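Numbering (the working numbering), first residue to last: 729 to 923.
Printed below as a string of C-alpha cells:
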C-alpha cells in the first residue's frame with residue numbers, strides 16, 4: 729500500500745512514500761527489584777533503542793539521568809551492574825509504567841506513545857510483596873499516568889508517598905542539569921537511610 733502526499737494549494741507531487749504502520753513495542757528490560765525494596769522508581773517507557781550500549785533504564789546517550797545520579801551519590805555509574813548495585817543499596821526497585829505501546833510519529837516523546845498497555849501486574853506485585861514507602865516518578869507525565877491508571881492500587885496503599893522528580897530528558901529545559909542534581913539530592917533517599 730502506498731500513500732500519495734499532497735501539499736496544500738498544489739497538485740499532488742507524485743512522490744510515493746510506503747506506508748509503514750506503527751510497530752508494537754514491548755518493554756525490553758522488565759523490572760529490577762532488590763531484596764527488601766523500600767522505594768519504587770517509575771518511568772514511562774524506553775526510547776527507541778538504536779544503540780547496543782542502551783542496556784538498561786535511562787541509558788540513552790542524551791538522557792541525563794545517570795549523570796545526575798553520579799553527582800547525587802558521588803559514584804561513577806559506567807555500566808548496568810554498577811547501576812543495579814546503587815539501586816540495591818538504595819533498596820529501590822525500578823520499572824516503567826508502560827509495558828507495550830506504539831509510537832504515532834516515530835519519535836521518543838512521551839506524548840507520541842499510543843495504544844498503551846500498562847505494566848499493571850508487575851507494579852502491583854512490587855507494591856504488594858515489598859513495604860514500599862515512596863514511589864518516585866521520572867516526570868510529571870509519569871505521575872499523571874500512574875494516578876490515572878492505578879487508582880485501585882493507590883486506594884489500597886494510601887500510606888505510600890509520591891515524589892515527582894524533574895525530568896532527566898534534555899528536552900526538559902526549565903531546569904539546568906545542575907539544578908536537577910540539587911533537586912534530586914533533596915528528594916531521593918541517602919544510602920545510609922536505606923540500611
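All residues carry an ideal CB built from backbone N, CA and C; glycine is no exception.
Quick caveat, the model's predicted, so the values are computed rather than measured.
Using a Cβ distance threshold of 9 Å, residue 768 and residue 858 count as a contacting pair. Looking at the DSSP output, residue 771 shares a beta bridge with 824. Relative to the Cα of residue 899, the nearest Cα in the group 791, 774 and 770 belongs to 791.
When the Cα atoms are used, residue 870 and residue 825 turn out to be separated by approximately 7 Å. Residue 873 and residue 772 do touch by the CB rule: their CB atoms are close to 7 Å apart, below 8 Å. The DSSP-derived three-state label of residue 868 is helix. Residue environment for residue 809: exposed (fewer than 16 other C-beta atoms within 10 angstroms of its C-beta).
Residue 899 carries a coil assignment under DSSP once its states are collapsed to helix, strand and coil. Under a 10 Å Cβ-count criterion, residue 849 is classified as exposed, with fewer than 16 other Cβ atoms of the shown protein chains found around its own Cβ. Within its own chain, the residues whose Cβ lies closer than 7 Å to the Cβ of residue 816, once the five positions on either side in sequence are excluded, are 762, listed in chain order.
Residue environment: residue 831 is assigned as buried (16 or more neighbouring CB atoms within 10 Å of its CB, all protein chains considered).
For residue 843, the enclosing beta strand (DSSP E) begins and ends at 841 to 846. For residue 815, the three-state secondary structure derived from DSSP is helix. With a beta-carbon spacing of about 18 Å, residue 904 and residue 866 fall beyond the 8 Å limit used to define contacts. Residue burial annotation: residue 847 is buried, with at least 16 other C-beta atoms found within 10 angstroms of its C-beta. Of the residues assessed, residue 754 falls on the exposed side of the cut-off, its CB having fewer than 16 other CB atoms within 10 angstroms. The alpha-carbon of residue 842 is positioned some 6 Å away from that of residue 829.
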